[in-house]
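A short write-up of the structure that comes next.
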Amino acid sequence: MNSTRLLLLGAEAVAQGAIDAGLSGVYAYPGTPSTEITEYIQRSAEARVLGIRSSWSSNEKTAYEAALGMSYAGKRSLVCMKHVGLNVAADAFINSAITGVNGGLVLAVADDPSMHSSQNEQDSRFYGRFAMVPVLEPASQQELYDAMFHAFALSESVKLPVMVRMTTRLSHSRAGIKRRSAAVAQHPLHAEYAPERYVLMPHNARRQYQHLLDLQPQLEALSASSFLNRTVEGTTTLGVIAFGIGFNYVMEARRMHGIKCRVLKIGQYPPPRQQIDNLFAACETVLMVEEGYPVYEELFRGYFGSPKIRGRMDGALPRTGELTTDLVASALGTKKPETTTVPEIVINRPPELCRGCGHRDLFEVLNLVMREQAEHHVFSDIGCYTLGALPPFRAISTCVDMGASITMAKGAADAGLRPAVCVIGDSTFAHSGMTGLLDAVNDRSPVTIIIADNNTTAMTGGQTSSASGSKLERICRGLGVEEAHLRTIVPLKQHLQENVAVLREEIAYDGVSVVIARRECIESAAKKKRRSAAKGE
Amino acid sequence: MEKNIILAGVGGQGILSIAAVIDWAALDAGLHLRQAEVHGMSQRGGAVQSHLRISDSELFADLISLGTADLILSVEPLESLRYLPWLAPGGQVVTSTDPFVNVEGYPPVERIIKALNYAVEPLLVPAEKLARQAGSARASNMVMLGAAAPFTGFEPECLEAGIEALFGAKGQEIVEINVRAFRTGHQLTNA
Numbered sequence: 038m039n040s041t042r043l044l045l046l047g048a049e050a051v052a053q054g055a056i057d058a059g060l061s062g063v064y065a066y067p068g069t070p071s072t073e074i075t076e077y078i079q080r081s082a083e084a085r086v087l088g089i090r091s092s093w094s095s096n097e098k099t100a101y102e103a104a105l106g107m108s109y110a111g112k113r114s115l116v117c118m119k120h121v122g123l124n125v126a127a128d129a130f131i132n133s134a135i136t137g138v139n140g141g142l143v144l145a146v147a148d149d150p151s152m153h154s155s156q157n158e159q160d161s162r163f164y165g166r167f168a169m170v171p172v173l174e175p176a177s178q179q180e181l182y183d184a185m186f187h188a189f190a191l192s193e194s195v196k197l198p199v200m201v202r203m204t205t206r207l208s209h210s211r212a213g214i215k216r217r218s219a220a221v222a223q224h225p226l227h228a229e230y231a232p233e234r235y236v237l238m239p240h241n242a243r244r245q246y247q248h249l250l251d252l253q254p255q256l257e258a259l260s261a262s263s264f265l266n267r268t269v270e271g272t273t274t275l276g277v278i279a280f281g282i283g284f285n286y287v288m289e290a291r292r293m294h295g296i297k298c299r300v301l302k303i304g305q306y307p308p309p310r311q312q313i314d315n316l317f318a319a320c321e322t323v324l325m326v327e328e329g330y331p332v333y334e335e336l337f338r339g340y341f342g343s344p345k346i347r348g349r350m351d352g353a354l355p356r357t358g359e360l361t362t363d364l365v366a367s368a369l370g371t372k373k374p375e376t377t378t379v380p381e382i383v384i385n386r387p388p389e390l391c392r393g394c395g396h397r398d399l400f401e402v403l404n405l406v407m408r409e410q411a412e413h414h415v416f417s418d419i420g421c422y423t424l425g426a427l428p429p430f431r432a433i434s435t436c437v438d439m440g441a442s443i444t445m446a447k448g449a450a451d452a453g454l455r456p457a458v459c460v461i462g463d464s465t466f467a468h469s470g471m472t473g474l475l476d477a478v479n480d481r482s483p484v485t486i487i488i489a490d491n492n493t494t495a496m497t498g499g500q501t502s503s504a505s506g507s508k509l510e511r512i513c514r515g516l517g518v519e520e521a522h523l524r525t526i527v528p529l530k531q532h533l534q535e536n537v538a539v540l541r542e543e544i545a546y547d548g549v550s551v552v553i554a555r556r557e558c559i560e561s562a563a564k565k566k567r568r569s570a571a572k573g574e
Numbered sequence: 591m592e593k594n595i596i597l598a599g600v601g602g603q604g605i606l607s608i609a610a611v612i613d614w615a616a617l618d619a620g621l622h623l624r625q626a627e628v629h630g631m632s633q634r635g636g637a638v639q640s641h642l643r644i645s646d647s648e649l650f651a652d653l654i655s656l657g658t659a660d661l662i663l664s665v666e667p668l669e670s671l672r673y674l675p676w677l678a679p680g681g682q683v684v685t686s687t688d689p690f691v692n693v694e695g696y697p698p699v700e701r702i703i704k705a706l707n708y709a710v711e712p713l714l715v716p717a718e719k720l721a722r723q724a725g726s727a728r729a730s731n732m733v734m735l736g737a738a739a740p741f742t743g744f745e746p747e748c749l750e751a752g753i754e755a756l757f758g759a760k761g762q763e764i765v766e767i768n769v770r771a772f773r774t775g776h777q778l779t780n781a
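In structure tokens:
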């Protein structure tokens with residue numbers, strides 16, 4: 038091959054950058070579009086030789102805290118999650134900004150504007166502002182790679198966690214990456230004894246919080262000199278502040294349509310005040326281009342508004358969804374191109390459960406049993422089985438956040454709903470279902486909890502589940518589920534009648550019952566088969 | 591030089607292997623490249639697409655703008671229609687004629703072909719049949735790449751080198767089947 042560049046997804050560029058920047062451990066729970074960061078490190082032969090710790094955590098909060106612990110011990114750690122995962126890890130994240138860090142701690146968070154694979158499109162930069170830590174938002178895969186060196190060094194220089202924010206489009210797009218020749222060596226173990234920072238009792242917390250506030254001007258000065266922030270000169274009175282990947286669409290539109298606007302590219306926060314003031318002084322109109330919420334547009338407009346500012350809040354750009362070159366070009370005043378239209382016969386092709394998937398057989402059983410009931414509500418959760426909401430099954434009635442199936446069923450049961458049935462996957466149960474089950478047991482709530490155990494985290498591509506197989510039974514027993522109401526079924530066609538009978542009995546029981554529906558994910562079974570065939574076994 | 595290519599299909603049909611071969615050729619030629627793909631929920635039997643951009647100068651956007659795709663390469667006929675607004679005037683559509691029917695109301699293939707012929711001058715490829723002739727129905731994505739090769743801006747030899755690089759780890763037999771499939775497809779446009 039002529040090229041020395043590596044072909045990497047944005048997510049993989051984060052991973053390779055972290056490895057080359059002296060990473061000692063990565064902690065994560067899978068979540069689209071962030072999963073490939075950790076998977077890359079798990080697959081990397083170099084990471085193995087370097088002894089970089091990389092197995093999956095039970096959830097984003099345990100992941101974040103473990104990363105903070107590794108940082109406390111003096112080493113560089115990375116923690117990765119999707120945007121909604123940061124809700125789960127928020128307690129740890131916000132407070133780690135108060136304690137500060139020792140070894141570099143980088144949080145790589147991947148947002149999903151347009152909700153390709155998510156229940157909302159929240160913008161993680163809000164959390165970055167909330168925690169008052171530096172946020173990096175690179176615009177290209179190469180910048181992502183380079184930013185990892187910067188992020189770890191920055192984290193250690195200001196002793197704060199640093200967020201690297203990206204979005205689906207950058208995370209799931211490939212480009213050629215130039216690697217640096219000199220990798221950074223891992224730090225030795227040097228745990229920091231500093232209870233005055235790390236024991237967040239009020240007297241320490243107040244001092245640490247003041248310190249964080251005092252640091253803010255320094256963080257802004259660091260943004261002003263960051264390689265991620267720069268100005269592109271222009272000749273018109275139209276200026277653009279392009280945040281993160283928004284920069285790409287602005288530059289593309291500029292090139293395609295010969296627009297000569299000034300552009301301030303922002304890839305490091307807090308935003309550099311002086312550069313922004315300069316742009317505003319030189320321009321009559323300023324378009325704010327943000328991939329996500331109009332976080333800084335709202336801030337710059339202020340409560341009383343500014344007629345100078347255009348963006349997502351005045352309709353120049355759509356309020357929701359991912360940006361495109363076409364949307365940005367239109368906001369810059371170009372006419373929409375004439376294009377071929379999509380013929381009417383083109384119907385949507387929604388995602389569906391795989392042919393031969395065990396969840397199909399489970400939903401068939403569940404629908405048969407629920408049809409006998411006066412109330413048909415089934416609380417569910419986040420995973421492949423969420424697709425049970427779509428035809429032909431239409432078997433579930435809720436999907437809100439990780440673990441909410443059990444607790445919502447419990448609350449509905451408390452309100453008097455009978456039966457209160459829920460479906461949760463093995464990995465989601467390990468993530469956030471166990472504490473909810475404990476609540477139900479403590480209250481003797483009449484709920485029927487179906488754990489769909491396919492032995493993997495399937496929706497994100499088959500990562501190791503933190504609790505599947507017999508471990509699930511042991512957890513349920515340990516949390517206090519009665520042996521007689523801890524049942525296991527195998528969702529296969531030939532067991533249909535027997536499975537219907539088990540579920541019917543447990544729904545009739547006036548207390549906590551758990552039915553584990555156990556059958557391996559058909560995709561991961563096929564993957565295993567292909568792998569052993571390739572090895573010639 | 592700049593090429594914008596949309597690869598279209600249904601999750602699991604192997605459009606990312608097609609992308610990987612072209613990516614390899616682009617990187618080997620020292621060109622700039624961006625290739626956006628779909629992961630996650632919509633992969634499960636849903637419509638998937640990959641935007642592939644190749645240029646000898648710096649590229650910014652990962653996504654192709656409306657009306658600027660030089661090629662829509664679809665491994666499924668209905669999916670070839672979905673991305674027509676991205677096609678540049680004079681752009682080429684190359685599509686397999688093998689339908690993947692997993693939704694109610696899937697139109698008859700003849701109607702799809704009619705709609706295509708009405709909108710553009712498509713190159714229609716009986717990919718599965720040709721792939722079987724080459725040795726495996728699973729290689730129909732390489733038949734499609736072969737048929738579309740003249741519109742990618744790469745010499746067939748460069749793409750074949752990409753196939754060897756991509757499938758090399760799976761053994762010589764797999765490489766040969768895929769190269770044969772590529773050549774079978776290529777003959778359609780190069781006869």
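Each protein sequence line maps, in turn, to chains A and B. One rule links them: number in our numbering = place in the first sequence (from 1) + 37. One rule links them: number in our numbering = place in the second sequence (from 1) + 590. Glycine included, every Cβ here is placed at the ideal spot set by N, Cα and C.
Since residue i and residue j are thought to touch, with beta carbons under 8 Å apart, how far apart are those beta carbons, to the nearest angstrom?
i, j, result
"ALA691/B", "ILE384/A", "The displayed chain sequence assigns Val, not Ala, to residue 691/B. Actually they are not in contact, since the Cβ atoms of VAL691/B and ILE384/A sit about 11 Å apart, beyond 8 Å."
"ILE595/B", "ALA616/B", "Their Cβ separation, rounded to whole angstroms, is 10 Å, which puts ILE595/B and ALA616/B out of contact at 8 Å."
"VAL484/A", "CYS513/A", "In fact, because the Cβ distance is near 13 Å, the residues do not count as touching under 8 Å."
Examine chain A for any beta-carbon lying closer than 7 Å to the beta-carbon of residue i, and answer yes or no.
i, result
"GLU754/B", "no"
"ARG643/B", "no"
"ARG634/B", "yes"
"VAL611/B", "no"
"SER655/B", "yes"
"PHE650/B", "yes"
Using the beta-carbon of each residue, which ones in chain A are nearer than 7 Å to residue i?
i, result
"ASP646/B", "Result: empty, since nearest Cβ-Cβ is about 13 Å, beyond 7 Å."
"ALA724/B", "Near ALA724/B there are no residues of chain A at all, since even the closest Cβ is about 21 Å away, more than 7 Å."
"ASP688/B", "Within chain A, no residue comes near ASP688/B; the closest Cβ sits about 15 Å away, beyond 7 Å."
"PRO667/B", "Within chain A, no residue comes near PRO667/B; the closest Cβ sits about 11 Å away, beyond 7 Å."
Residue j and residue i - do their beta-carbons sit closer together than 7 Å?
i, j, result
"GLY420/A", "GLY462/A", "yes"
"VAL172/A", "TYR286/A", "no"
"HIS414/A", "SER442/A", "no"
"ALA477/A", "LYS447/A", "yes"
"VAL145/A", "VAL199/A", "The sequence shown places Ala at residue 145/A, not Val. Their beta carbons are not under 7 Å apart, which means ALA145/A does not touch VAL199/A by this criterion."
"ALA659/B", "GLY681/B", "yes"
"GLU359/A", "SER151/A", "yes"
"CYS298/A", "THR322/A", "no"
"GLY725/B", "ILE767/B", "yes"
"GLY636/B", "PRO388/A", "yes"
"LEU597/B", "LEU663/B", "yes"
"CYS394/A", "ILE559/A", "yes"
Would residue i pass as an interface residue toward chain B - the criterion being a Cβ-Cβ separation below 7 Å?
i, result
"SER469/A", "no"
"PRO380/A", "yes"
"ASP363/A", "yes"
"SER464/A", "no"
"GLY213/A", "yes"
"LEU44/A", "yes"
"ASN96/A", "no"
"ASN39/A", "In this predicted model, ASN39/A has a pLDDT of only 44, less than 50, meaning its place in the structure is not dependable; the value taken from the coordinates is given anyway. With 7 Å as the cut-off, ASN39/A counts as an interface residue toward chain B."
"THR69/A", "yes"
Could you check which residue in the options has the C-alpha nearest to that of residue i?
i, options, result
"TYR182/A", "ALA55/A, GLY281/A and THR525/A", "ALA55/A"
"VAL269/A", "ARG292/A, HIS248/A, LYS566/A and ARG349/A", "ARG292/A"
"ARG672/B", "ILE512/A, PRO380/A and GLY470/A", "PRO380/A"
"TYR235/A", "ASN132/A, GLU560/A and LYS572/A", "ASN132/A"
"GLY506/A", "GLU519/A, THR497/A, ASN492/A and MET496/A", "ASN492/A"
What does residue i reach in chain A if we use C-beta pairs closer than 8 Å?
i, result
"ASN692/B", "ARG386 and GLU389"
"LEU663/B", "Here the premise fails: no neighbours, minimum Cβ distance about 16 Å."
"ILE702/B", "ILE382"
"GLY695/B", "ILE384"
For a contact defined as C-beta to C-beta under 9 Å, what are the partners of residue i on chain B?
i, result
"PRO150/A", "Simply none; closest approach about 13 Å."
In chain B, which residues lie with their C-beta within 8 Å of the C-beta of residue i?
i, result
"HIS209/A", "ALA626, GLU627, VAL628 and HIS629"
Can a CB atom of chain C be found closer than 7 Å to the CB of residue i?
i, result
"ASN157/A", "The displayed structure is made up of protein chains A and B, and chain C is not among them."
For residue i, verify whether its CB is less than 6 Å away from any heavy atom of the ligand GTP.
i, result
"PRO239/A", "This structure lacks the ligand GTP; in fact it carries no ligand of any kind."
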